[in-house]
Structures are given as C-alpha cells and as structure tokens.
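Structure first, then comments.
Residue numbers (the working numbering): 290 to 591.
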C-alpha cells in the first residue's frame, strides 16, 4: 500500500488509515512573529547594530614644545646652540649616529635622550631635515634698540617674510660680523626650526632686534649718527662707490616689492649692486651677501 505521505506531508484527499499525523518541522519563525523591519514583536526596542568596533580610533594630539622654547634641529644648528653659554636647554633628542657626531667636539650641557629617527620625525614638519638631532631650548631675548653696537654694521629688514631668506641673511650676517639684525614684530617670520636651519647656527652669533615701527626706529638711529643705506636694484648709485663710515645700517626690502616708499624716504643713500649679466635682480638673501661684502670693502679701505 502506498504511503499517504509525500516528503513528510499528508497528501490531500487520502486517508491516513490510523497513522498519527505529524506537523512539518518549523524551520523558520513565522513572519507574523516579527514587527516592521528592524523591530521584534517581543519587544518595543528597535534593533540597533553595534558599530563601536568599526568606529575610528581617536587621534593623539600632536606634541607641542613649551611656548618659551625654540625648536632647533640639524647638526650645525644644534651644535652652535649647545655651545652658546647664554642658552638654557630643556630637551635634547639624538639618534645613535648623531650622538657620535655631536659628542666628538660638542659638550653636552643637557643629558641627551637617544631615540630612533622616527621619534624625532613625528615631532617636526614633514619636510624637516633633522639629521637625527632635536633640541628644545629657551628662546634668546631680543636686543633693545638703544643697545645696538655702533662699531659694526646693522642690517634692517623691511617686511622680508620668507623664513628661508631671513635665515640665509642671518647666516651671511654672521659671516660678515654684523652687529645685529633689525626687524619688525609684524610682517616678519617667527623664529622657527625652518628659519634656524637656514641660518645654520648663526642665530647664536647675531642678536635680533624687534621693533613695532621700522620707520620710527630708523629715524632714531639717524638721530644717533647712523648712515642709512637702502638696497635698490634701480638706484643711481652703486654700492661699491659709496663713501661709508660706521655706524651704518643696511636696509633690505622684500623680494619683488623692494623697499617701501616710506622706508626709501628715510635712507641717506639708495644704492644698487652692479651686476654685469642679463639678470639685474637677485634673491634678497643673495643680494644681502653681495651688499654686505661691498659695505665691508668700503669700510675696510678707509
């Protein structure tokens, strides 16, 4: 006799002939037991997917050096700072190789922390070439205007804002034994690691003077007997032809704009650097080097 069940189910219209009927096993919960999508009929609370493990991890705050410190990096820059007895140092990080190079000829007034290069890299801008050396050192005080030496050339910067140029000018000024560099609090770069690296240690040898108003400062210096010489690529006089005597202030203008008209009016002489080639203007840091050489020669021949 054929079974009245097909695949476990009784066939309609056929007797079961005394066999117990069995319900088919429930494989899924009936749809009626669920509410709208995302909710269960057994609870009023919505079903919320736990996304905590997918949430981004909080970023660590970037380390900030103390506000009263300059951050210096690079072998030459840090070496000169460590040799400067006027400096007070807070933190020195070095790689093993950099420590060997520094310790050969540089006293260590602060205990260095020997670290991997990556530990220094994360503290600095992405393009910083630190050579495995990082120093936090208390900022040097600015020289007061009335304390300027009268037996040396003074360099004044009229809104020169690029830190690479200013750093290079400081380096050149140290080479020519400039007495100080005069700049304004506004429209001039801060003393950053970029500027200090460009100066290559010269920050330790040339004091900086900060003033609120450059015109007022130049007027005061004129009253004290300083000759004010402005560098101008189109000036009628040539720098090498000037008759100079100390005290002297050499004023350099911003690249492109040059000296402001108000600054030009305060100069005793506007002079150019004679260039024999087709290009008659130079980067301000290069022009500073040639001008300081010309001024040095003019003063030496007296």
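The beta-carbon is built from N, C-alpha and C at its ideal position, and this holds for glycine as well.
Per the C-alpha coordinates, the member of 445, 540, 428 and 447 positioned closest to residue 493 is 428. Counting C-beta atoms within 10 angstroms of its own C-beta, residue 515 has 16 or more neighbours from the protein chains shown and is therefore classed as buried.
By the Cβ neighbour-count rule, residue 388 is buried, with 16 or more other Cβ atoms within 10 Å of its own.
Ranking 587, 590 and 580 by CA distance to the CA of residue 461 puts 580 first. With 16 or more other Cβ atoms inside 10 Å of its own Cβ, residue 574 counts as buried. For residue 362, the uninterrupted beta strand (DSSP E) run begins and ends at 358-362, by DSSP.
In this structure, residue 519 sits away from residue 564, with a CB-CB distance that is not shorter than 7 Å. Counting along the chain, the unbroken beta strand (DSSP E) around residue 425 starts and ends at 422-427. Rounded to whole angstroms, residue 583 and residue 555 show a C-alpha spacing of 21 Å. Comparing alpha-carbon positions, the option among 453, 486, 522 and 444 lying closest to residue 495 turns out to be 444.
Burial is judged here by how many other beta carbons sit within 10 angstroms of a residue's own beta carbon; residue 568 has fewer than 16 and is exposed. Selection 376, 423, 470 and 447 evaluated against residue 482 yields 423 as nearest (Cα-Cα). Taking C-beta atoms as the reference points, residue 491 and residue 463 count as a pair closer than 7 Å.
Taken through DSSP and simplified to helix, strand or coil, residue 389 comes out as helix.
Ranking 570, 488, 411 and 386 by CA distance to the CA of residue 401 puts 386 first.
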